[in-house]
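Read the structure below first, then the notes.
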Amino acid sequence: MKRLITILAVMLMSLAALTGCGPKEAETIKIGVNLELTGEVSVYGVPEKLAFQLAVKEINAKGGIDGKQVELVMYDNAYDTAKAVENATKLATVDNVVAMLGSATSAPTLAIGPVAKQYEVLAFTPSGTNAKVTMDGTAVNPWVFRACFIDPFQGLVLANFASNTLQAKKAVVMGSSSSDYAKDLAAIFGEKFAANGGEVLTVEYYTDTDTDFSAQLTTIKGLGEFDVLFVADYAARAGLIIGQARSMGIDVAIIGPDGFESPDLNDLAGGAANVNNVYFSTHFSTLSTDAKVQNFIAAYTAETGEAPSALSALAYDAAYMLFAAIESAGTDPVKVRDALKATTNFAGVTGTISFDDLNNPIKSAVVVKLENGVQVEATIVNP
Amino acid sequence: MKNLFSKKNLIWLGLLIVFFFLVQFLIDIRVITPYYRTIVYWVGIFIILGVSLNIIIGITGQLSLGHAGFMSIGAYSAAIVMQNMPDMTGLLLGMLIGGLVSILVSFVVAIPTLRLKGDYLAIATLGVGEIIRIVILNLEITNGASGISNIKNLISWPLLFVFVVLAVVLSANFKNSAIGRACISIKEDEIASEAMGIHTTKYKVIAFIFGAVLASVAGSLYATTYYVVKPETFGIATSINILIIVVFGGMGSLTGSVIATGFIGIINMFLQSFAEVRLITYALVLIVVMIFRPQGLLGSKEFGLDKILGFKPPFSKKLRKEKST
Amino acid sequence: MQQFLQQTINGLSIGGVYALIALGYTMVYGIIKLINFAHGDIFMFGAYVGMIAVMNFNMPIYLAFIIAMAVTALFGVIIERVAYKPLRKSSRTAALITAIGVSFLIQNGMLMIMGANIYAFPQVIPNRFFTVFGLRLNMLQLVIFATSIALMIILQFVVSKTKLGRAMRSVAVDKDAAALMGVNVDNVITITFAIGSALAAAAGIMVGLYYIKVFPFMGFTPGLKAFVAAVFGGIGIIPGAMIGGFAIGLIETYVAGYGSTLYKDAVVFIILILILLVKPSGLLGKNVKEKV
Amino acid sequence: MSYLTVEHLTKNFGGLSAVSNVSISVNEGELVGLIGPNGAGKTTLFNVLTGVYKPTQGKVILNKDGKSIELSKLPPYKITHQGVARTFQNIRLFKDLTVLDNVKIAMNQQAKYGLFGALTRLGKFYASEADIEQRAHEFLKKVNLDDLAYDLAKNLPYGKQRQLEIARAMATGAKLLFLDEPAAGMNPQETHALTEFIAKIRKEMDLTIVLIEHDMSLVMNICERIFVLDYGKLIASGTADEVKNNRKVIEAYLGEEE
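Chains as they are written, first to last, in this note's numbering: chain A, 1 to 383; chain B, 1001 to 1325; chain C, 2001 to 2292; chain D, 3001 to 3258.
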């Protein structure tokens, strides 16, 4: 027992010692990062971490911002809202960061938002697509920004694309019941597609842990003819669905959201040969001839050994938008927030970006066509 | 002497009051910064969860792996009520509703499943936890996979303190009563217990419901501390995190759970930057504790005042002497 | 009707996977009464080993099977020796908690080593389709189905007809008595874990080939469902694991196809609880009451 | 009407008949023995009498205060509430609890407060707890175990554990005790002490006792009547001398002789 008390006492003392250090004059510019780095969801967090690190490395190589080096203070929230709140509190009050990047998914970002507001340090999520992320009840949360378009926007884009470009009349929707991403997309797509004069025959749900979709696909096949299959999910499951649908003889066009974009899509679909007549909306296309995009792809690939995904592109843009804001406003968190809010026509790899009243980016989407697993065509679509 | 205002109770009360104001003072002078406060909140909430699971596992001997399910009932009740009443009344009302729903659900679950023994019970309760999660995932009122966000933050040190003390004191009273003795006898030997005239099913159900209600209260506090509730938060991983607290602190030792939670809270803080190591450490702790010290940190003993102040044991839980074990 | 038959085929092919994993569960439980909670993760481990053998060492698939089964068997034996053996005399609750710890350790260990990335298992066997009476069948489905039945028959033969099997059964009935009769109890348990883990590895590779996706948490859900399958059929009984696996696969598919997919997993757990209540010893099991 | 009546009791396990068509009656205040070779069904009969197993056929009736209660319809804990308690062949004490707690648990029915009282400690909680504590100590004094009250049950010497188990059964307020091989594993001195102990408590507390025993000296010494089971059937009953000379009993124990 005595030993235990000693240990506890030592810990308490070191705790007190830690609190002793107040904010020092910053020699570096500290930017907080609050991401899903472990657990299942780390597939979304890790590419963003790599993109942030790439951006920081690049800016520091160019001499930093106003001569100061940029330093990332990175914490893992493991997709746990409690951890996300703890991390955000620590970044804002202990590390005294200028601004916070993250999280990659919506749920932790929803928990970070109120903390950002309370301590007046902005939180910038590259890819939290849930519409509520930048909201505080019915009003906007002035301290939360995002770099991606929101779920409703993508739903609209895809519905229009299906009706107008593919001339589809009947659609079938599939999505994960355990993801709000899928549910929101499916709902908006359904509304818009119907408004365009189309008909959604059914919405089939499955869970995140499923790997076998044959039951749902068999049901779908039994519904008769349809023109397009909308799979509202990430590549991890969408790839499998594409492969299993093709093997069951469902060969209509398959469309999907930005989640489709992944180097693994073809493999998961059982080979590039299965990935034909597949379209997805996204933030940027590797087909783009823009030098910025090509440089990013080259740098990211050289740095990480992997091709960048939409998530890493968004994270990369978020980092640079933040750098620009810091450059123009200095390191005062409130001024940085104002500067970020005022961003207009920022030329990033995912498009030209400004913010609307709800701190969502105004930009167009790209719909990419895959043939034999390769991007063959990119269409810019405005809703 | 044997009443509510016994010397021992008064000393406890005094210590609690001192502790409360000490922490409040440290918060006021910002030695406990907002960040440490979030750690304190986590520890407080998980103390309630640990103690409540300990009632079921450590005291009654019924291995339950679905505790997070009951936590989610409280969390969602508070979240839903506070959508319309974002104030203290809303929180307390949500807590109350959560408690009632938990009683109902745990009763329905307990009657059939508690007939099962040991590992079968464990798997069945794991199933129950998953069923609760799946139901929440698919209900309209719980907002499905998105969960509920923008929950009013009402947590504060006094609020947390009141509920943690309440939960621990009630649990200790539970343990040190005829009901607690009946539960312990079930853990020791169910057949002998039944032969001693103890209605084992009844007491198992009581313990299960009691634990479920406390978990639900902890869930309500969770909701108001962390702004967001979503179904994944209350999966099997959380149930196992709570189990780790119970195992680490000692099965049957309420004070063990309290100390273990504090300990884990501090470890979490230090391992913040070593996220991957953290989960592996927990898994190892679980295995190593089971192999080398299956009774946990304190075993079934309590860390109490009796020994320190030399009181005569009020109930014979405390040993006058311990012979070779 | 056609659709119903197609769903039945779908169900049997998922069921085959559950059955393969359940075989390992049931063997270990049959011998030492331990719910090896980590069995699903051993299955995941096997899938990774097989994948690495094919992807990084360019081995032919049959060699990958052999390597993965051997490595995973060894892995299972190490787990048994390090984590479970010291607990053989402890309560079953303690053993179960340890098994949960082992499960978390394997998952997170794999996560640390290989990352959370989803890997695609190389498609080295071209997946062919047949259409029979308008039903689409696929090669791998048939392979999984056939393998699980073949393995079940082999195992049943080993346990009921060989010397090793006799030793296993004697250990299952009474470890101490078996030891007195000259059975090396430790070896028998080790071999049981080795076989169970090798089976899991085989299942892992087949799932890799069929479902492609390989990731650190892939073992958890199938592991749980395989456990339900084992209990359904009568845990400890080899043909029971088989029947349970197919039954759970079919039920799940019918619920997904005709009811609500949303509650598919909930239905599996409800079945588990019902089975435990109505006939805890499972479909093929005999009721045993605690000796007073 | 006798105190305990067993009517045509049969208990089958699968196809096996462990107890078949046994009828026994025990009078109030009697001390009877139940003997028979290994596997004769003695413990099974005890398990049916105390509700652990439900009989396949037949009834067990307890006549108490002019009322007859059908024990075979009650679960074990309710049978205990009727003043019937037992010990086990392989001691089943609450090993990690103290001697005092073992007795207190047996006295649990005497607690005069419910869940609310337990949680808030309002009402009769303190009074009732003090009362139970005091009575438990008194009880332990009576059975000469009070000096060990705070020892863990598992740390008691073997003989004392047996004694504690009997004491614990009595502490439930039982008037009818079933003792399953109380002298198993004891040396002659311990057996002797136990014999005296049983005789003493029986007199002091007005108990009716049924015991299973292999130690013939104990059975023959203190049992007033003896029942003999073999292959689940009652083959003889009577006083020690009568049973000793019964041919069927000799055959059952020694095997059939030509």
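Just so you know, even glycine gets a beta-carbon here, dropped at the ideal spot from N, CA and C.
Within-8 angstroms CB hit, residue i to chain A
i	result
Y2211 (chain C)	yes
Q1272 (chain B)	yes
R2136 (chain C)	yes
Y1282 (chain B)	no
G2245 (chain C)	no
V1228 (chain B)	yes
L2111 (chain C)	yes
L2265 (chain C)	Here the sequence assigns Asp to residue 2265 (chain C), which means Leu is not the residue at that position. It does: the Cβ of D2265 (chain C) has a partner Cβ on chain A nearer than 8 angstroms.
Chain C residues whose Cβ lies nearer than 7 angstroms to that of residue i
i	result
D264 (chain A)	I2118, A2120
Closer than 8 angstroms to chain B by CB, residue i
i	result
T93 (chain A)	yes
L110 (chain A)	yes
N196 (chain A)	no
V85 (chain A)	yes
N34 (chain A)	no
Q3189 (chain D)	no
F2104 (chain C)	yes
Q3109 (chain D)	yes
Within chain C, partners of residue i - CB distance below 8 angstroms
i	result
M1071 (chain B)	Ordered by position in chain C, no residue passes the 8 angstroms Cβ test against M1071 (chain B), which lies about 18 angstroms from the chain.
Proximity test, Cβ basis, 8 angstroms: residue i and chain D
i	result
I1056 (chain B)	no
Proximity test, Cβ basis, 8 angstroms: residue i and chain C
i	result
T207 (chain A)	yes
T1325 (chain B)	Residue placement at T1325 (chain B) is poorly supported in this model, since its pLDDT is 35, which falls under 50; the coordinates are not used for a value here.
Q69 (chain A)	no
D1189 (chain B)	no
A215 (chain A)	yes
A299 (chain A)	no
Residue i: contacting residues in chain D (beta-carbon distance under 9 angstroms)
i	result
A1195 (chain B)	T3050, G3051, V3052, P3076, Y3077, I3079, T3080, A3085, R3086, T3087, F3088, R3092, A3169, T3172
R1115 (chain B)	The contacting residues do not exist; R1115 (chain B) stays about 12 angstroms from chain D at best.
Bridge partner(s) assigned by DSSP for residue i
i	result
K1152 (chain B)	Answer by DSSP bridge pairing: none, since K1152 (chain B) is not bridged.
V293 (chain A)	Note: V293 (chain A) sits in no beta bridge, so no partner.
D3230 (chain D)	D:K3233
M2168 (chain C)	DSSP lists no partner for M2168 (chain C).
N34 (chain A)	A:Y75
I3024 (chain D)	D:V3006
A99 (chain A)	A:I31
Chain A residues whose Cβ lies nearer than 8 angstroms to that of residue i
i	result
N1138 (chain B)	S177
T2261 (chain C)	S177, E204, Y205, Y206, T207, A215, Q216
Interface partners of residue i on chain B, CB under 8 angstroms
i	result
G137 (chain A)	N1150
D80 (chain A)	T1233
Closer than 7 angstroms at the beta carbon, the chain A residues around residue i
i	result
E1276 (chain B)	T38
A2256 (chain C)	A215, Q216
F2129 (chain C)	S247
Beta-carbon neighbours of residue i, restricted to chain B and to distances below 9 angstroms
i	result
Y3158 (chain D)	Simply none; closest approach about 15 angstroms.
Residues that residue i contacts on chain A, provided the C-beta gap is smaller than 9 angstroms
i	result
G2115 (chain C)	S42, V43, V46
With 7 angstroms as the limit, tell me which residues of the region 1150 to 1176 of chain B have their beta carbon closer than that to any beta carbon of chain A; keep them in chain order. N1150, N1153
Output needed in chain order: residues of the region 3090 to 3107 of chain D with a Cβ under 8 angstroms from some Cβ in chain B. R3092, L3093, F3094, K3095, D3096, L3097, T3098, L3100, D3101, K3104, I3105, A3106
Could you run through the region 2009 to 2035 of chain C and flag, in chain order, every residue whose CB is less than 7 angstroms away from some CB of chain A? N2010, I2014
Short-range partners of chain A found in the region 2208 to 2236 of chain C, where Cβ spacing is below 9 angstroms: Y2210, Y2211, I2212, K2213, F2215, P2216, F2217, M2218, F2220, T2221, P2222
Unbroken beta strand (DSSP E) runs of length 3 or more, entirely within the region 194 to 257 of chain A: which are they? 199 to 206, 228 to 232, 253 to 256
Entirely within the region 2222 to 2285 of chain C and at least 4 residues each: give me those alpha helix (DSSP H) ranges in chain order. 2238 to 2258, 2264 to 2278
Chain-ordered residues of the region 3115 to 3138 of chain D with a beta carbon less than 9 angstroms from chain B: L3115, G3117, A3118, L3119, T3120, R3121, L3122, F3125, Y3126, A3127, S3128, E3129, A3130, I3132, E3133, A3136
Can you list, in chain order, the stretches of the alpha helix (DSSP H) that have 4 or more residues and sit fully within the region 114 to 151 of chain A? none
Name the residues in the region 1191 to 1225 of chain B whose C-beta lies less than 8 angstroms from a C-beta of chain C; which are they? I1191
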